[in-house]
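Read the structure below first, then the notes.
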Amino acid sequence: MPTQTRSHREWSLSFFVQHEAAIIVGAGPIGLACAISAKRRGIDPLVIDAGALANSIVRYPINMTFFTTPERLEIGNHPLVCAGPKATREEALKYYRGVARAEGIRVQPYTKLINAHEIETRLGKASISWDKLVLATGYFDHPNRLGVPGEDLPHVHHYFDEAHRSCGLDVVVIGGKNSAVEAALQLFRAGARTTIIYRGTAWPKSVKYWLRPDLENRIKAGEITARLGTHVASITPGEVRVHGLGSEEAIPADRVYALIGFHPDLGLFDNIGITYERETGRPEIDADTLETSVRGVHVAGSVIAGNKISEIFIENGRFDGEKIFGSPDERARAQDLYQGIRRETGE
Ligand SMILES: Cc1cc2nc3c(=O)[nH]c(=O)nc-3n(C[C@H](O)[C@H](O)[C@H](O)COP(=O)(O)OP(=O)(O)OC[C@H]3O[C@@H](n4cnc5c(N)ncnc54)[C@H](O)[C@@H]3O)c2cc1C
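Heads up: the sequence shown runs through residues 141 to 487, numbered per this note's numbering.
Written out as structure tokens, the structure reads:
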């Protein structure tokens with residue numbers, strides 16, 4: 141019997157041991173697409189997320205615009221209508237919220253899976269049981285770390301939020317891929333004295349064709365300072381100390397953005413007992429059904445590619461639910477769509 145001290149919500153949580161035909165972990169675009177695939181085959185899955193619905197998009201830079209054209213962010217054939225040629229963060233959040241509502245998807249936010257049969261919420265832990273568990277957990281909760289002294293100082297950030305906050309400050313961006321390049325350009329335009337540091341000796345090929353000339357021209361004009369072939373040695377409250385190309389330097393920094401990528405939660409794979417390649421973080425899967433080495437546990441979306449986070453994104457990951465819940469013919473069609481996108485984008 142409930143004790144006097146427990147609230148109704150705490151009790152409903154502790155009784156959350158009901159069996160679900162399918163639990164989808166992650167209410168990102170791919171988790172929601174998987175839920176639609178399940179629902180269209182008569183299964184009503186429960187979708188849980190450690191954060192808000194579409195939590196990774198919530199954490200995108202505030203005024204961010206997607207690289208991808210809107211039709212390729214669509215799930216369940218719901219049209220994504222946006223004001224400009226590409227969707228903004230706000231438009232995408234509105235869209236995925238709307239799709240979840242229109243499809244009647246049961247989403248339980250702020251509920252984290254900690255092992256195959258246990259979840260955790262603000263109110264504590266509870267047990268779960270399922271026939272099928274789908275991990276669509278992405279990678280965005282786990283930023284890569286520099287591993288240098290000072291990395292945990294309060295002015296060092298692993299997510300880029302908004303350029304305006306840095307107006308009038310010395311800002312160092314660490315990284316050379318799209319997120320870092322875009323952040324550096326926005327920071328410069330918001331009035332920050334911006335330095336971008338990258339360990340490679342040239343900007344990577346993957347930098348989008350409209351960002352590269354903008355960055356190169358800002359560097360040529362002396363508006364953004366760049367240090368290529370440069371490694372961070374340490375971060376102090378006022379400087380980033382670097383070494384590279386035969387020299388050492390202390391770069392003034394009121395704020396530091398270390399935008400050097402992310403990795404999937406390999407600890408969760410360990411907790412569930414999923415076999416994966418230690419070097420790459422790729423789970424061992426049946427390529428047709430995306431089932432892992434643990435019976436009934438599937439993976440979907442970017443988590444499939446392990447540390448190669450630019451291999452599977454919304455554009456191609458959105459077909460994975462069809463592989464998990466579809467017939468052999470539907471799986472083959474999903475695979476064709478996936479390969480088609482990979483050929484076109486060269487990813
Ligand atoms: C700035 C930026 C711009 C991007 N632009 C594009 C673009 O233009 N086009 C494109 O296709 N892709 C783009 N991407 C990549 C895209 O965001 C990812 O590929 C996409 O979010 C992957 O979807 P997903 O559903 O697999 O994972 P996510 O969207 O990351 O969703 C995973 C969800 O799982 C939840 N979760 C994680 N662990 C647990 C747990 N243990 N228990 C419960 N919930 C958990 C997280 O809270 C999260 O909500 C961009 C990424 C960034 C950072």
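We put the CB at the ideal spot given by N, CA and C, even for glycine.
Item                                                                                                                                                        : Value
Report, in whole angstroms, the separation of the C-beta atoms of Glu455 and Arg212, which I expect to be a contact under 8 Å.                              : 4 Å
Skipping 5 residues on each side, what residues in its chain have a beta carbon closer than 7 Å to that of Leu153?                                          : Caution applies to Leu153, whose pLDDT of 48 falls short of 50 and renders its modelled position unreliable; the value that the coordinates give is listed next. Around Leu153: Thr261, Leu263, Gly264 and Ala266.
Starting from Arg367 and walking both ways along the beta strand (DSSP E), at which residues does that stretch end?                                         : Thr365 to Arg367
Compute the Euclidean distance between the alpha carbons of Arg473 and Leu430, then round it to the nearest angstrom.                                       : 15 Å
Less than 8 Å between the beta carbons of Ala398 and Glu379, yes or no?                                                                                     : no
Nearest-angstrom Cα distance between Ser387 and Glu291?                                                                                                     : 21 Å
Any heavy atom of ligand 1 within a distance shorter than 7 Å of the CB on Asp281?                                                                          : yes
Taking C-alpha atoms, which residue in Ile364, Asp189, Leu286 and Leu351 lies nearest to Phe328?                                                            : Ile364
Which residues share a DSSP beta bridge with Thr335?                                                                                                        : Val312 and Thr365
Around the C-beta of Ile336, are 16 or more other C-beta atoms found within 10 angstroms, so that it is buried, or is it exposed?                           : buried
Is Leu193 near Arg237, with beta carbons less than 8 Å apart?                                                                                               : yes
Counting along the chain, where does the alpha helix (DSSP H) carrying Pro169 start and finish?                                                             : Pro169 to Lys179
Looking at the strands, I want to know which residues DSSP matches up with Trp270.                                                                          : Glu160
Only counting runs of 4 or more residues, tell me where the alpha helix (DSSP H) segments fall wholly within the segment 183-208, in order along the chain. : 195-198
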